[in-house]
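From first to last, the protein sequence lines stand for chains A and B. For what it's worth, my numbering labels the leading residue of the first sequence as -8, then goes sequentially. For what it's worth, my numbering labels the leading residue of the second sequence as -8, then goes sequentially. We put the beta carbon where it would ideally sit given N, CA and C, even for glycine. Here the structure comes first, spelled out in structure tokens, and everything after it is commentary.
Protein chains: 2
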Amino acid sequence: MNLRELSAVLGLSQTTVSRALNGFPEVSEETRARVRAAAELHGYRPSAAARRLATGQSGTLGLVFPGERNFLGDLLFTEFLRGCVGKASELSYDITLAMAHGSQTEESVYRRAVRNARVDAMIVSSPLIEDQRPALLRQLKMPFIVHGRTRSAEPYGFVDIDNEGAFFAAAKLLTDLGHRRIALLNGESRLNFAADRDRGFRKALAARSLPAPDDLLWSGAMVEQEGLAAATAMLSRPAGKRPTAFVCSSIGLALGVKRAAAAAGLAIGRDVALIAHDDRLHGMGAEDFDPPLTATQSPIGEAGRRIVELCVAMLRDPSAPLPQEVWPVDLVVRQSTMAAPGD
Amino acid sequence: MNLRELSAVLGLSQTTVSRALNGFPEVSEETRARVRAAAELHGYRPSAAARRLATGQSGTLGLVFPGERNFLGDLLFTEFLRGCVGKASELSYDITLAMAHGSQTEESVYRRAVRNARVDAMIVSSPLIEDQRPALLRQLKMPFIVHGRTRSAEPYGFVDIDNEGAFFAAAKLLTDLGHRRIALLNGESRLNFAADRDRGFRKALAARSLPAPDDLLWSGAMVEQEGLAAATAMLSRPAGKRPTAFVCSSIGLALGVKRAAAAAGLAIGRDVALIAHDDRLHGMGAEDFDPPLTATQSPIGEAGRRIVELCVAMLRDPSAPLPQEVWPVDLVVRQSTMAAPGD
DNA sequence: TCCATTATTCAAAGCGCTTTGAGACGATCG
DNA sequence: CGATCGTCTCAAAGCGCTTTGAATAATGGA
């Protein structure tokens, strides 16, 4: 059943039926109710294709599958995606995924999505410190929102967490507890969030006039294996030189630290303090850690939900100011942190 | 630039231009070349929306985000999805994701996707032993392909790996090596693949007249933590009663077994034999295990690619027989298996 | 009672593509 | 030489919705 048939049944014009269904004010409530009832009765569903053609909007948001793949990156992306899809579903939007194939550059993927007008807006995830995508999308006149921030001359919409503040707070907690040799195991250094965390971390040390020596700063893939290797190296030094505390960018890294500590005969929360960032991935909560982990936490899925919400709002009112949100991050103290052992 | 403008520029009708571009035979090669050149020159891109409306096809395949979330499940889904999106991209198809929200049942998600005619076909992942979805989709007249199999009275298209054969081969290898107490750590029992693996495993034991006692058969979430707990319990028995070999449905479980063995002072490949199924997840290859793991392996991403290919083929020729593929699974022997220790 | 408003409803024109059914043009055949 | 066939191209009719601009009915004020 299509609109024409439905309006024939009702003895109304297509215009009126369309407006009644879409909540336009110039239709009397009585008529609207009648139309709604008939639509329901006959199981009328407007054709998405026809609406797309008529409105020029596709009701679809696009997301590009990250090129590189790693274990935790995939988990984070999936959880973020889950949030996006969940909220999009509530708002009757679709999410479509794109991906570079063959020798295509990522740029061409964005160009293609835009040219084909298959999406109304795009979501940019995992921004690098220097990321071309905002400039590209702006040039292509494709609305977008970034999950995170990046260096960009021009303004753009984003939702980010306060990575700098979170890692400042984490490191400050440790310095307040008397730790003086604190290691940072961070995400890959070209990713913007890692740079922000690094900055926050350093500021907290600087506030106490503590050094941040290179050999206590590590960055790389945020998985257990890597954390284990990095922490093992750091903990292999003599007692007076090795770190008494670790701040990690992921719980995966924290697991590695824990294993490295165990191998060195050290216990987390007793000999070594540990704080990690917790993205609230299912099955990887800081509270499930042994011992329960002091953590900066912020649900990555929620960011996905919010970004979709903002994309839709942006499409409804393109003249509104660009959304720019920085979410505060909770620092939850649990059992993995303790006062620094006397040297 | 749209079709009308392009044909005006060329001095041809829209019909001819459309056909030239879409490869219809009744257009001379000379004209086709001219049209192609002009389209390229003016950067003409057909409107997806208009094409959808005219053809009734959306050029989109649908996939429903699995409701339950677990660590490895997410990784497998993501890798599968990556394969789907990659191939879809090559074929100029879109993949859109749907998800139940609020109190919606999963069924209603499928119904909604179908009613709104937003997808041409759906991909059904992670089928249960008793899965309603094939029947539902058939009833809704929505083409679909299942990744895996399920019990269903009616025929349906699928791509699956030979889980039964793989686990038969794995268990047989172990019995051939003289193992008599072999444990199986499997995926959740309501999932069809787990049932298939269980069957293959049991057949191999039965072929040697070996028992398959319940206390050596475990199933649950396929993550390290769970594997550790299950294997620890099994290995805590006296030497003559504990298993000398394990077959695991995932490398995550195998990691758990390894840790349990280590805790019991046993080494994989020396005291305990270990075989796992390897879905070829990036960063979790059996060859990266220590020791390199004997494994049944089959890339889950390839299955995604193939399914998309088959979906598209099915849409192009709906009268073709339903694709039903069962892929053989390689058993690659590495260093984690050895002859059974003498009791 | 009549005109100016306001509240409802409508007819028709797209949106940009595919596809049907024909027409035009040479070439081939009886 | 007219009839028959291919080959190539075309005009026009949708696909099902939104939206513009106008018409009609209902209401209120003078």
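- Of all residues in the segment 64 to 89 of chain A, only Asp65, Leu66, Phe68, Thr69, Glu70, Leu72, Arg73, Cys75, Val76, Gly77, Lys78, Ala79, Ser80, Glu81, Ser83, Asp85, Ile86, Thr87, Leu88 and Ala89 place a beta-carbon less than 9 Å from a beta-carbon of chain B.
- Neighbours of Leu44/B in chain A, taken as residues at a C-beta separation under 8 Å, are given in chain order as Ser38, Ala40, Ala41, Arg43 and Leu44.
- In the three-state scheme derived from DSSP, where H, G and I count as helix and E and B as strand, Ser19/B is classed as coil.
- Under the DSSP assignment, Gln5/A falls in the alpha helix (DSSP H) whose first and last residues are Gln5 to Leu12.
- A check of alpha carbon separations from Val248/B across Leu66/B, Asn177/B, Thr51/B and Gly47/B identifies Asn177/B as the nearest.
- Where Met113/B is concerned, the enclosing beta strand (DSSP E) starts and stops at Ala112 to Val115.
- Close to Asn61/A, with beta-carbon spacing below 9 Å, are these residues of chain B in chain order: His273 and Gly274.
- Just so you know, the alpha carbons of Glu21/B and Arg(-5)/B end up roughly 20 Å apart.
- Listed along chain B, the residues sitting closer than 7 Å to Phe56/A by beta-carbon distance are Arg73 and Val76.
- Residues of the same chain with a CB within less than 6 Å of the CB of Ser327/A, apart from the 5 flanking positions on each side, are Ile259, Gly260, Leu265, Pro282, Leu284 and Thr285 in chain order.
- With fewer than 16 other beta carbons inside 10 angstroms of its own, Met(-8)/A counts as exposed.
- In terms of CA proximity to Tyr84/B, Leu88/A leads the group Glu81/A, Leu88/A, Tyr84/A and Ala330/A.
- Shown here, His33/A sits in a helix according to DSSP, grouped into three states.
- Between Gly333/B and chain A, the shortest Cβ-Cβ separation is not below 9 Å.
- Between the alpha carbons of Arg42/B and Cys302/B lies a gap of roughly 19 Å.
- Ser49/B reaches chain A at Ala39 and Ala40, counting residues in chain order whose Cβ is nearer than 8 Å.
- Three or more beta-carbon pairs separated by less than 8 Å link the segment 108 to 125 of chain A to the segment 292 to 310 of chain A, which places the two stretches in contact.
- If you check the CB distance, Val55/B and Met90/A do not come in under 9 Å.
- What Val0/B touches in chain A, judged by beta-carbon distance under 9 Å, is nothing: the nearest beta carbon there is about 19 Å away.
- Residues of chain A whose Cβ lies closer than 8 Å to the Cβ of Val214/B are, in chain order, Gly274.
- Minimum Cα-Cα distance from Leu12/B among the listed residues Glu215/B, Ala(-1)/B and Pro37/B corresponds to Pro37/B.
- In the DSSP assignment, Glu293/B falls within the unbroken alpha helix (DSSP H) covering Ile291 to Arg307.
- Using a Cβ distance threshold of 9 Å, Trp209/A and Ala195/A do not count as a contacting pair.
- Within its own chain, the residues whose Cβ lies closer than 6 Å to the Cβ of Leu272/A, once the five positions on either side in sequence are excluded, are Leu66 and Glu70, listed in chain order.
- Glu98/A counts as exposed, since fewer than 16 other C-beta atoms from the protein chains shown sit within 10 angstroms of its C-beta.
- Sorting Gly218/B, Ser241/B and Ala267/B by C-alpha distance to the C-alpha of Ala252/B places Gly218/B at the top.
- Gln288/A places its beta carbon less than 9 Å from that of Val320/A.
- Per DSSP, reduced to three states, the secondary structure at Leu284/A is coil, with no helix or strand assignment.
- Between the alpha carbons of Leu1/B and Leu32/A lies a distance of about 49 Å.
- For Glu278/A and Arg325/A, the gap between their C-alpha atoms comes out near 8 Å.
- The beta carbon of His138/B sits no closer than 9 Å to any beta carbon of chain A.
- Chain A places no beta carbon closer than 9 Å to that of Val299/B, leaving this residue out of the contacts.
- Contact between Leu175/B and Val238/B holds: their C-beta atoms lie close to 5 Å from each other, under 8 Å.
- Membership of Ser80/A in the alpha helix (DSSP H) is indicated by the continuous run Phe62 to Glu81.
- Ala91/B has a beta carbon lying within less than 9 Å of a beta carbon in chain A.
- Phe68/B is the residue among Arg27/B, Phe68/B, Met275/B and Gly64/B whose C-alpha sits nearest the C-alpha of Gly292/B.
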